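Colleague:
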Amino acid sequence: MPAQVIKISGARQHNLKNLHVEIPREKLVVLTGLSGSGKSSLAFDTLYAEGQRRYVESLSAYARQFLDQMEKPNVDFIEGLSPAIAIEQRSAGANPRSTIATTTEVYDYLRVLFSAVAQPHDPLTGKPLRRQTPQQIVDHILEYEPGTRIIVLAPLIENQLGEFRDVIEKAKREGFIRVRIDGQIAELDRPEPIRLKKNELHTIEAVVDRLVVRDGIRVRLTDSIETALKWGGNRVVVLKQTFNAELSGTLEELRYSTDYGNAETGFTLAELTPKHFSFNSHLGACPACHGLGTQLACDPALVISDPGKTLAEGAITPWRRGTKRMQAYYRHLQGALVKHFDVDENVPFTELPERFKEALYFGTGDQPIEMSFSSNGRSNKKGHPFEGLVPQIERLYEETRSELTRNRIRAFMTREPCKVCGGARLKPEILSATIKDRHARELNIHQVSEQTIETAARYLEDLDLSAQQRLIVNEVVHEIQSRLQFLIEVGLGYLTLNRESGTLSGGEAQRIRLATQIGSGLAGVLYVLDEPSIGLHQRDNARLLGTLRRLRDLGNSVIVVEHDEETIRAADHILDLGPGAGPRGGEIVAQGSIEEIVSAKNSLTGDYLSGRACIPIPKQRVRPPSINDQDGWLTVVGAAENNLKKIDVSFPLGCLTCVTGVSGSGKSTLVDDILRRALFGVEQIDKAIVIDQSAIGRTPRSNPVTYTGAFAPIRELFSQLPSARVRGYDPGRFSFNVKGGRCENCEGAGLIKIEMHFLPDVYVECEVCHGKRYNRETLEITYKGKNIADVLDLTVDEAARFFRNVPSVSEKLNSLLDVGLGYLRLGQAGTTLSGGEAQRVKLATELAKRATGRTVYILDEPTTGLHFADIEKLLQVLMKLRNAGNTVIVIEQNLEMIKCADWIIDLGPDGGEHGGEIVGTGPPEKIADLPNSFTGRYLRPMLKAR
């Protein structure tokens, strides 16, 4: 009988304090607690890592070489563990070929569906293409008038340049006696060889048979037609002659094909297979963009770096680069253009006439530009049309073989929809294949992919298929519908199927992986999820919880790291970690049912769930200025990007504003894509700062102390110590990125990478510096008994106390404390921080700067990964920024944050095509009273509890 619990003994991974715990199997288990309390260390770095490691170790050495292997976690033993799958909160990568449809395999099934039942059309005329079987071709020929003479031909070459000796020789070897070349029949066994002019177009057809239509020829005709189709590439030509006519006089040429074709235009299309509908296959991909849907094109706006500059000052950026000789040539060319168009080089570019700008960007056509050259003391003049900056840059990009040159040119280029396929990624003939629904809508595979998941699901329900077609594709349609339904159930119905995976938020990408796992139908697996409710509106939480329960009911163990109250209350079993963060965490504070957590006196989570603690609603909100005071508002007029419905929105200055709405309602489009871009240069503000959840660095060398700028004064402090001054050490000596003070064996990393065959790479402590990063001489310099490596190993809490008498350091460290990051170590690699931690490090960095009171701060879901107590700290920081006269604009779903806002802009009413409108604006109390606001519906009880 399988174990009923997962038994963990002696878990010491990261900050875990030798945990001994039993977790029930095949249950929905929630791990909660303060940020940094050890939830991820237990769930991902212990349970998932060990489950994955054991499974991979059970495979052969050959199979293991292709798989990433986890390090063995620091734990004594774990019993009752299943193979583990982690569904983490991370983006899906930036591959432009990866979309929601391809990730979930929906596109694979769509390709099968379209190859089976789609109706192709002629891409030029739009008329449906027909195809015939060999038997249908025979039947049609036998309907000719009895006595009709026919010649059956197999097309070998059609309208191509060349001599084609090899084609003629092959036809002769294969037993053909005659061929028709350019309309004339020739014998192949004649003594002199057939010679063709290689610079002329030729058509060559093999004569397969000559017959007279009458009873009894069906077998022979069928054999001839099949032979012609074989040699003619599924095509056959029949020359038809009436009984009493001369052979040379009245031949009627009829074309047949087992491929799709249009007899009027001669257009044919081969048998459609799933590969033809793939933009990753040469059979279907648009030849211009190779299936990407976009092309690099020169952007005129990037060519002129500063439109306020004059031509004489170098406004044309590309002409200021290259060798001195090239720059001299471009100055000469610029002078010729200026002279030709009679413009002033000393006028700002913005004031130059449009006629000149048009010629500069796109060329002068056939109009020559006269340039003077001096050679051997003689002056010559030559006139040539000017190509134009845009065509020139695009040509150079295509022609150059230097990757360095390509990278330089790419600075002036942007991606735009492919001019051939219009962004559809596929060839025109593939896009001509459509499937009709009961509403007489005919959609191709790209048009289906452009739809939202919800709309695509409705389209598939309404397909207009015959009984035979439905029998063929019934299973395929069912697979697509079930996958779409899983995506809808996890709250992603507003996304379009062709949405690139790299543009999804971490929460959206995670829920897509969750839907994919449900579709797999696996049982007996340990699933570990990282905050699946991130980015999800409260309205969609119930559906997400239903999905998690379904995963559990399949016979899986589901472990969720989560802070959402509704998810915690829905759990079968809860583990509350704490009591603090970092070194002060790593213990099980409380565990059991929701009732046991609520009644636990030492559980901070229990305090908030029971109401013993709460995030207070401000007694008085900051009132925005009068709507008539235009200087007190930032107004966006006619916002129509993506799904926004030409809305006018005003953001009050000096307030904490929350932009709310269900997933896909247009929040990110409004704030990130429109408002953020429009803020630069606005008179009422000094600067706009976006504080997002991207990593604070791409390498492990980036860490909180370097990012916040606290490391510079620390290094300066060490360089001013008497022992350092005697040795002549400057601040650079104490940097692990600079030669001199760092350990050169590991180049300041503290670790050495060892490549293992059949096993994952192993990082071992540097044997020279023992992980300290610095050489022995540098480590001999100490401040209050600690060297520079000891300082990097301090937590922010410890360092704030250690440097309390050094204002230049303590101010920056205190800002990290204010955002609840006291548990981080100063030298902790930036790549190990979660998105929420990285965002708070950025927020702390801004907090430590001198405020102007005229700054706009934009944050996207800053409560991600935060416990109730952490949200309270974050709110205090945002209020501090607001109280200094700054404007804080937050995209948010968390009701604890929303209830404390001064102003709310609620978008909706739903997601995707049903969103993009203003549901309401005003303080939280006003939004709570709106009957059509989903945000207001869930906000109302929280405000009443006040």
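Numbering (our numbering), first residue to last: 110 to 1055.
Heads up, the beta-carbon is just placed ideally off N, CA and C, and yes, glycines get one too.
What you are looking at is a predicted structure, and each value in this text was computed from that prediction instead of being measured.
Starting from Pro761, trace the beta strand (DSSP E) both ways and give me its first and last residue.
Modeller: Looking at the DSSP string, the run of the beta strand (DSSP E) that includes Pro761 is 756-761.
Colleague: Going by beta carbon distance, what residues of the same chain come within less than 7 Å of Leu1048, once the five residues before and after it are set aside?
Modeller: Leu1004, Ile1007, Lys1008, Pro1033, Ile1036, Ala1037
Colleague: What is the rounded straight-line gap between the Cα of Ala749 and the Cα of Phe911?
Modeller: 53 Å
Colleague: Nearest to Gln700 by CA position, among Asn711, His682, Gly256, Pro409, is which residue?
Modeller: Residue His682 is the option with its Cα nearest to Gln700.
Colleague: On the premise that Ile562 lies in contact with Gly602, defined as a C-beta separation below 8 Å, what is that separation, rounded to the nearest angstrom?
Modeller: 5 Å
Colleague: Just checking my contact of Glu538 with Thr605 at CB under 8 Å: how many whole Å lie between their CB atoms?
Modeller: In fact, because the Cβ distance is near 24 Å, the residues do not count as touching under 8 Å.
Colleague: With 16 as the cutoff for other CB atoms within 10 Å, does Leu613 come out buried or exposed?
Modeller: If you draw a 10 Å sphere on the C-beta of Leu613, you find 16 or more other C-beta atoms in it, and that means buried.
Colleague: Taking 8 Å as the threshold (C-beta atoms), are Arg608 and Ile209 in contact?
Modeller: yes
Colleague: With a 10 Å radius around its C-beta and 16 neighbouring C-beta atoms as the bar for buried, classify Asp649 as buried or exposed.
Modeller: buried
Colleague: Are Leu502 and Val345 close, meaning C-beta to C-beta below 8 Å?
Modeller: Checking the sequence shown, residue 502 turns out to be Ile, not Leu. Cβ atoms of Ile502 and Val345: not closer than 8 Å.
Colleague: Go ahead and pull the three-state DSSP assignment for Gln829.
Modeller: coil
Colleague: So Gly160 packs on Leu635, CB below 8 Å; how close in whole Å?
Modeller: 5 Å
Colleague: To the nearest angstrom, report how far apart Thr213 and Lys754 are at their CA atoms.
Modeller: 30 Å
Colleague: Excluding the 5 residues flanking Val452 on each side, which residues of the same chain have their C-beta closer than 6 Å to its C-beta?
Modeller: Leu461, Phe465
Colleague: List the endpoints of the continuous beta strand (DSSP E) containing Ser224.
Modeller: Run containing Ser224: none in the beta strand (DSSP E); it sits in the alpha helix (DSSP H), 215-226.
Colleague: What residue does the alpha helix (DSSP H) around Ile277 start on, and which one ends it?
Modeller: Under the DSSP assignment, Ile277 falls in the alpha helix (DSSP H) whose first and last residues are 274-282.
Colleague: Cα separation between Arg721 and Pro822?
Modeller: 42 Å
Colleague: Could you say if the region 662-675 and the region 639-646 meet the contact criterion of at least three C-beta pairs nearer than 8 Å?
Modeller: yes
Colleague: In whole angstroms, give me the CA-to-CA distance for Pro50 and Phe450.
Modeller: The requested residue 50 is not part of the displayed model; the chain covers only 110 to 1055.
Colleague: For a quick check, are the C-beta atoms of Val447 and Phe471 less than 8 Å apart?
Modeller: no
Colleague: Measuring straight from C-alpha to C-alpha, what distance separates Val586 and Leu222?
Modeller: 7 Å
Colleague: Over the uninterrupted beta strand (DSSP E) stretch that includes Leu933, give me the two end residues.
Modeller: Taken as a continuous stretch (DSSP letters only), Leu933 belongs to no beta strand (DSSP E), as it is neither H nor E.
Colleague: Anyone know if the C-beta pair for Arg327 and Leu251 falls short of 8 Å?
Modeller: yes
Colleague: What are the boundary residues of the alpha helix (DSSP H) that includes Lys951?
Modeller: 944-956
Colleague: Using the three-state DSSP reduction, which class does His582 fall into: helix, strand or coil?
Modeller: Correcting the residue identity first, residue 582 is Val in this sequence and not His. Correct three-state label for Val582: helix.
Colleague: Just confirm the distance between the C-beta atoms of Ile897 and Tyr838, as a whole number of angstroms; I'd bet it's less than 8 Å.
Modeller: With a Cβ gap of about 11 Å, Ile897 and Tyr838 do not count as contacting.
Colleague: What first and last residue would you give for the alpha helix (DSSP H) that runs through Gly615?
Modeller: For Gly615, the enclosing alpha helix (DSSP H) stretches over residues 615-629.
Colleague: Can you look up Ser357 in the DSSP assignment and give me helix, strand or coil?
Modeller: The predicted model places Ser357 with a pLDDT of 49, which falls under 50 and marks its position as unreliable, so this point remains unresolved.
Colleague: Can you tell me whether Asn650 is helix, strand or coil according to DSSP?
Modeller: helix
Colleague: Which same chain residues end up closer than 8 Å to Ala624 when comparing Cβ atoms and leaving out the 5 residues on each side of it in sequence?
Modeller: Thr213, Arg592, Phe595, Leu596, Glu598, Val599, Leu601, Thr656
Colleague: Residues in its own chain within less than 6 Å of Arg429 by CB, not counting five upstream and five downstream?
Modeller: Within the same chain, Arg429 has close Cβ partners Gly423.
Colleague: Report the CB separation of Asp1015 from Gly1029 in whole angstroms; it is logged as a contact under 8 Å.
Modeller: With a beta-carbon spacing of about 5 Å, Asp1015 and Gly1029 fall inside the 8 Å limit used to define contacts.
Colleague: Considering only C-alpha positions, which residue in the set Ser917, Ala947, Val915, Ala938 is nearest to Leu930?
Modeller: Ala947
Colleague: Going by DSSP, what residue range makes up the alpha helix (DSSP H) through Lys466?
Modeller: 463-471
Colleague: Under 6 Å Cβ to Cβ from Lys951, same chain only, skipping five residues before and after it: list those, please.
Modeller: Ile800
Colleague: Ile627: which of Ile117, Arg661, Leu933 sits nearest, CA to CA?
Modeller: Arg661
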